[in-house]
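First comes the structure, then the notes that go with it.
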Amino acid sequence: MATEIARHWRLNSQRYRLVGEVCPKCGVKMFPPRDVCTDCLDDSRQPDFEFSGHGEVYSFTTVHNAPEGYQESAPYTVALIKLEEGPLLTAQLTDVENSEVEIGMPVEMVTRKLRTQGEEGVIIYGYKFRPRLPVAH
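Counting in my numbering, the sequence shown runs without a single skipped number right up to 288 at its last residue.
Dropping the structure here:
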């Protein structure tokens, strides 16, 4: 069972990479990949597009009563992130105090532990966002 869970997460690159698509007809960037363009409804398939992982906090809330499997992390902040390339996605914030989060805060994607699953203690990793670190010159 644990092997199957780990395999599922390894094979689903959207869990730990920001891989989406660009509509070949209108150019809109989508995350996660869709069967139909969210803008023009074109159903052509396009090769994968990897997003930069940079964006900003569009909106956020603090979760105090966490769902099963996430209780050990509570309270934690979940945000709507507007990626530089356009799409909005939902993600947990990390490496920042809940009281320090602000709308417009620049953030970047990182891979972190999401939770531990089952009696086997399988660790599930995925993407979260943290405040963007300054670029060293």
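Note that the Cβ used here is the ideal one computed from N, Cα and C, for glycine as well.
| Check | Outcome |
| --- | --- |
| Environment of A230 [buried if 16+ CB atoms lie within 10 Å] | buried |
| Nearest-angstrom Cα separation, counted from R281 out to V261 | 7 Å |
| Sheet register partners of L169 (DSSP bridge) | Answer is none; L169 lacks a bridge partner. |
| Element boundaries [beta strand (DSSP E), containing G277] | 273–282 |
| Burial state of E172 (16 or more Cβ within 10 Å) | buried |
| heavy atom of the ligand NAD below 7 Å from D194 C-beta | In terms of ligand content, the structure shown is empty, and the ligand NAD therefore cannot be addressed. |
| Closest by C-alpha distance to G255, when choosing among H205, S224, I275, T267 | H205 |
| Minimum C-alpha distance to V258 - residue among V187, T228, G220, L284 | L284 |
| Coil, strand or helix - E251 by DSSP | helix |
| One or two residues paired with P257 in a DSSP bridge | E207 |
| Contacts around V214, its chain only, beta-carbon distance under 7 Å, and the 5 residues preceding and following it disregarded | A225, P226, Y227, V229 |
| Pair within 8 Å by beta-carbon distance, F200 and L240 | no |
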